[in-house]
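Keeping their order, the protein sequence lines are chains A and B. The opening position of the first sequence corresponds to residue 1 in my numbering, with each subsequent residue numbered one higher. The opening position of the second sequence corresponds to residue 1001 in my numbering, with each subsequent residue numbered one higher. Glycine residues also receive a C-beta, built at the ideal position from the N, C-alpha and C atoms. None of the values given here were measured: they were computed from a predicted structure.
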Amino acid sequence: MSYRLGVDVGGTFTDLLIIHDETGETYQAKVPTTPHDPAIAVIEGAKKLCTAHGLKATDIDLFLHGTTIATNTILEGKGCRVGLIVTEGFRQVLQVARAFVPGGLAGWIIWPKPEPLAPLECTVEAPERMGADGKVVRPLDEEALRKNLQALKNEGVEALTVCLMNSYINPAHEKQVAKICAEEFPDLPVSISFEILPEMQEYERTLTTVANSAVRPRVSSYVRNLSKELKDWGMRGKLNLLRSDGGLMSTEKAEQAPVNLLMSGPAGGVAGAVWVAKHAGFNNILTLDMGGTSTDVALIENGQPRLKRETTVSDLTVRVSSLDIRTVGAGGGSIAHVPELTKALRVGPESAGADPGPVAYKQGGTSPTVTDANVVLGNLPEGLLGGKMKLDRTGAQKAVQTIADALGIEVMEAAAGIIDIVNENMFGALRLVSIQQGYDPRDFALMGFGGAGPLHANAIGRLMQSWPVIIPPSPGVLCAYGDATTRMRVETARSFNKQFKDTSDAELADIMDKMGKEVATELAGEGVPKSDQEITFELDIRYQGQAFEVPLAADLSLFKAGKGIKEIARAFNAEHKRLFTFNLDTSLEFVNLRAVALGKPANVSSPEIKKGDGNAARAKIRDHLVYMDGQEREAVIYDRRNLLAGDTIKGPAIITEMDSTTLVLLGHVAKIDSFGNILITPEE
Amino acid sequence: MPARIIEKNTKKFTPVKVDPVTLDIIENALRNARVEMDATLFRTAMSPGIREQGDAFPLIADHKGRMVVGQFGSFIDGFLKAYDGDLEEGDVIWLADPYTCEGAVSHANDWLILMPVFISGRLISWAAMFGHMTDIGGKVPGSLPTDAVSIFEEGIRIPPVKIYKKGEYQKDLVDLVMHQVRMPEWCRSDLNAIIASCRMAERRVHEMCERFGEDVYVSATEELLERNYRAMKQLIHTTVAEEKISFTDYVCDDGMGFGPYKIHCSMWREGDKVILDFEGTDPQSASSINFYLNENMFKMFFGIYMIMVFDPQILFNDGFYPLVDVRIPEGSLLKPKFPAALSCRTHALGRIFDVLGGLLGQRQPEFLNAAGFSSSPHLMFSGFHKNGEWFQLFQIGFGGIPGRPFGDGPDGHSLWPGFTNIPNEFLERYFPLRIERYESTPDSGGAGFFRGGNGITMCYRFLEAGTISIHDDRWFTYPWGVNGGTPGARSQKILERADGTREVLPSKCDRIQVKEGDLLHYITWGGGGWGDPLERDANLVALEVRRGLVSFEGAKRYGVVLTQTGEVDKKATKDMRKDMAAKRGKIKVFDFGPSIEELRKTCEEDTGLPAPVAPVWS
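Spelled out as structure tokens, the structure:
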């Protein structure tokens, strides 16, 4: 028997999903997250799930895990105390940063500047200098460095970072400094900038490497602890973690370069969407993962999620590849308010979160939230089997009334307004990943998941004109699906700053070949035989003089055949035109090269559901009233468990299940496909 | 003659009631469009000044030219009043001459694109952006000649011309301009980027009109302006008194040995209206430090400051313009007569923000910020590589952010919106120089309960011979402190020759020849301090000493005495603070440092430069 277990640790719940590799049969469970030690919920949940289905620990071949441990370490400011070694003259590299002050003209008056991730008192200088041409300007003074390092001994640092000027071109001094650090501080992990990010720009490289150090001890202890517990339980399979770029990495790699885990959590949802979409037969998807406090959106083109070359968590942005996921502070718990001076209706970013939560949950919340507006409108019916708690509609109405009064409108209008505004905020984020990147959203389907996504997806599909709107089965545990079905991934990058005229197909082919072998070997080391690997290349290109480069996929065989540069120039001009509407006569230059090795895609099939007679009446729970398009309307509530393939439902309708509620709007039709997805389209 | 707008469709827009939700959605969409304009620009521009540093400013205006989103507008009105010609669908205006647009742009380096947005034959909106070009020709590289006495020496002047005429690109015109500049490739690319950004805004406006309808769009922009008017009206009533208050600050010198130049502004309220009167400001300078200040531009600055200081929630746009009356005397430093030179207006531009801060916070010192918005120090470095290729760098530096009611001023950060520094590795990769030090200068921020930000010390080692220009200020007068905070340190430039000799360079200079191996110490000013330094947490002072932001000796400015191991000596600190408090007497609202006359006396000794001579006007 061959099973894989996907586990996604969220803020409130830990989702677990077991998939049988051949049949695609799944078992799932949801247990409360244990924030003080997330591993407890993971282990307990796994044991419970296996026991419930008669499986043993030894049946699990692969344990695949999306974790927010690194993210939370940053969000909660619980990164370790990092010591930093920089080139003499640059001690304040993190203090001065890029000199940027957000907030527009006069924004400085109210900007709270965050403290550097490596405290300035824990930053020491290395007397050395490397030139921009990679030649040594001033050799490292080892003795003076050792002396400087003594200052760190009283500072209680828990990890060290080395980042020296121009090390992206020649890391010799960094290696030398790292060696001395290891001698002086044998117990501390040392992160070296050249290994984490061998690219130009000292501030970004320093920050990224420091971020790696900051999350390292906590991630390490979590990973070690989890591995041990799994072993004690009797699991013999391999434990892999989900990276921010949607690929998987081994635990060993995760311990060395945990900065790759910062977006591990949300990446699971996108990976899950990729898997669902592939089976449902959709290549181009926009994802809408809406939770209690925020919403993540992303774009998937030809089955591939878009990547970006940075990762952002709160006010920290590091140069590490991640899926291009945009987050807006818009969720079910977002609070609506009307500022005194402008009398505008605002929703979020303040959130009632899980505690006290929306008014309707009766846990002490008093501010009107998006969920309350949904309750008032009837989109979230009271007393359903799925809902664990009874909703307080009267309370929600009272709260939304305060908004109506401030705006001088009716309560239903106010509730509808709150929903329109929050939808608009999500629409804004979706525009960023689609229209702003030159994509036409009409070429994409929209997949709604997370706790609140299915409730809003139809309305957002209408704003985007993205059809159909897809609600996958169990939309609340899609992340765990993603964890369980994505591939292993290893990436390496290097600076290659040359004009097209100064290089050749042969030179590039040679370098790409070497980089390809490097990642192949590394991935083999992670247990993926070379026969199962796929190697791809990416080149960053720009017009000489531009600051931003356009990443393009490159075919090694074309370079070997001497046609690579010509072809990549053509592709660049086409992409630049698509993105920015114009081309220039300027010469082109390479900036960075990347090689990626991918493991075999999971050979997991998606189970089909029974076909019905097209009549959804068997799933009907009851009739119901919803306020939609300016008036109350008759709607029907359905139980998703009883829907069969081929069923058709006319909006307005509500489809409920354990962890989520889907809203079908007036003038729209929902169809159930053979995998149990709900596909919503405008009525013909 | 004002501009004539030719519309194929002469039907007037019908005012419609816009429900509050739609209004908020349109507001949000306009904000997003502005962000997209910036994103497009930064990704496609080429000069480090724009692509790395962000020296460019977008806006979207309604069909009457009033800015609805943006931050450095609104200059369309000035252009419309001055432009003698027709404007029709497909036209795009390019201009870069302050004298032909009532100061819509304030020096010829700022190239402005104005794009009227038409839909179904009617003008419905404007998109505009201007950006600073690294070079526009003229007598010195960078085109900011300190010693210019007329605008004809400052590079190419572009009057309002159509770069697109009925949709047709005017290539000859662009070629003619590009022929005058030293860095045509950068200028061409930056110009392209600015146009692409405006096109982006045009597309978004079209989409909004399709989605909501043209009448709704127009009525919504009207209402957004009105919303701002109402909010500002209330704010002005509660914060500006009828009694007149005034504030004075200075531009240190004119680069020709004269100074300081006085900027004086008075503020009072008459009914709903605020009057801002620059009567008392010095006459125009004979050199290029004049700043042609557009009245609407100043309204904008005033509005943004009001909002940021008193209520950052308000959406900022041109709606409140009728509530403000700006008076600038003709022939003054802020409204010079043609053809006065204007290129180095950055110092006066920066200084009016200090003046605004001083005015607005005067009556409510708890809202008052210290000084430090001096200017944006520039460095130009140009010459020929050994291989014969021309190189030219224009770099903007940063100083200390003033101490604020909100907290310490950040060290070496930018007061200009959206600006960033150029990565040193980037500089070293593309220019023949090496940066040997880039860090803030300890003790350069004024002491205070909230410390002023430290200025920056940046050391350039030149690896090839070339020519440099420097534009900076606040080397003679101090960035003042407030509410007990002390002034920040002044700026300095020192050139250390390869042969070991040292010379102090003037704050404003051109044509300084540097040789391979010379080292330039470029030291910017610190921000003034806010509040009583004797009440600052002594342990925080000790920590900042460990951090190298304050020196061991500098801690004494806070009355903090440290032991040899860096701990606070509690007893000695208590005694010293008591002693200092007794000696200084009552805390003043402003601490400007020594008077102008005293500064003159000690100038040479303190700064290594002769004192500027008081300017005389006939």
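Simplified DSSP state of residue i, which is helix, strand or coil
i: G428 (chain A); result: helix
i: F537 (chain A); result: strand
i: L385 (chain A); result: Residue confidence for L385 (chain A) is low, a pLDDT of 46 falling below 50, so the modelled location carries little weight; the figure read from the coordinates is stated next. In this structure, L385 (chain A) counts as coil in the three-state DSSP scheme.
i: D232 (chain A); result: helix
i: E684 (chain A); result: coil
i: T1607 (chain B); result: helix
i: G1436 (chain B); result: A quick correction: the sequence has Glu, not Gly, at residue 1436 (chain B). Correct three-state label for E1436 (chain B): strand.
i: H1179 (chain B); result: coil
i: R326 (chain A); result: strand
i: V219 (chain A); result: helix
i: I1124 (chain B); result: strand
i: G303 (chain A); result: coil
i: D685 (chain A); result: Residue coverage of chain A in this structure runs from 1 to 684, which leaves residue 685 (chain A) outside it and unanswerable.
Proximity below 8 Å, CB of residue i to CB of residue j
i: G1400 (chain B); j: D1411 (chain B); result: yes
i: V1105 (chain B); j: L1112 (chain B); result: yes
i: Q1395 (chain B); j: F1247 (chain B); result: no
i: R1474 (chain B); j: R1451 (chain B); result: no
i: K611 (chain A); j: A571 (chain A); result: no
i: E589 (chain A); j: Q544 (chain A); result: yes
i: V219 (chain A); j: A70 (chain A); result: yes
i: R487 (chain A); j: G599 (chain A); result: yes
i: L1293 (chain B); j: K1335 (chain B); result: yes
i: L345 (chain A); j: I419 (chain A); result: no
Residue i, buried or exposed, once every other Cβ within 10 Å from all chains shown has been counted against 16
i: I1420 (chain B); result: In the sequence on display, residue 1420 (chain B) carries Thr and not Ile. With 16 or more other Cβ atoms within 10 Å, it is buried.
i: D1408 (chain B); result: buried
i: A553 (chain A); result: exposed
i: Y1000 (chain B); result: Look at the range of chain B in this structure, 1001 to 1618, and you will see that residue 1000 (chain B) is not part of it.
i: L625 (chain A); result: exposed
i: I678 (chain A); result: buried
i: Q1564 (chain B); result: exposed
i: D1537 (chain B); result: exposed
i: V93 (chain A); result: buried
i: D1532 (chain B); result: buried
i: L385 (chain A); result: Low local confidence applies: a pLDDT of 46 at L385 (chain A) is under 50, so the model's placement there is unreliable, and no value is given.
i: S606 (chain A); result: buried
Element boundaries [alpha helix (DSSP H), containing residue i]
i: N1483 (chain B); result: Looking at the DSSP string, N1483 (chain B) is not in any alpha helix (DSSP H), and its letter there is neither H nor E.
i: T1040 (chain B); result: 1020-1044
i: I1050 (chain B); result: 1048-1051
i: A670 (chain A); result: Where A670 (chain A) is concerned, there is no enclosing alpha helix (DSSP H), although the beta strand (DSSP E) it sits in stretches over 668-672.
i: W275 (chain A); result: 264-280
i: E255 (chain A); result: 251-256
i: I556 (chain A); result: Correcting the residue identity first, residue 556 (chain A) is Leu in this sequence and not Ile. 556-560 is the span of the alpha helix (DSSP H), which, as asked, contains L556 (chain A).
i: K498 (chain A); result: Here K498 (chain A) belongs to no alpha helix (DSSP H); instead the beta strand (DSSP E) covers 489-499.
Range covered by the beta strand (DSSP E) that runs through residue i
i: G6 (chain A); result: 3-9
i: R633 (chain A); result: 631-639
i: E22 (chain A); result: Looking at the DSSP string, E22 (chain A) is not in any beta strand (DSSP E), and its letter there is neither H nor E.
i: M1067 (chain B); result: 1067-1070
i: N240 (chain A); result: 238-242
Next item on the list: Could I get the ranges of all uninterrupted beta strand (DSSP E) runs contained in the stretch 1181-1257 of chain B, with 3 residues as the minimum, in chain order?
Entry: 1245-1251
Notebook entry, point to check: Where are the beta strand (DSSP E) runs, 3 residues long or more, that stay fully inside the stretch 425-469 of chain A, in chain order?
Noted result: 445-449
Notebook entry, point to check: Considering only residues of the stretch 1494-1519 of chain B, which uninterrupted alpha helix (DSSP H) runs meet the minimum length of 4 residues and lie entirely inside it, listed in chain order?
Noted result: none
Next item on the list: Starting from the N-terminal side, write out each stretch of the beta strand (DSSP E) that is 3 residues or longer and does not extend beyond the stretch 1092-1179 of chain B.
Entry: 1092-1096, 1110-1119, 1122-1132, 1158-1165
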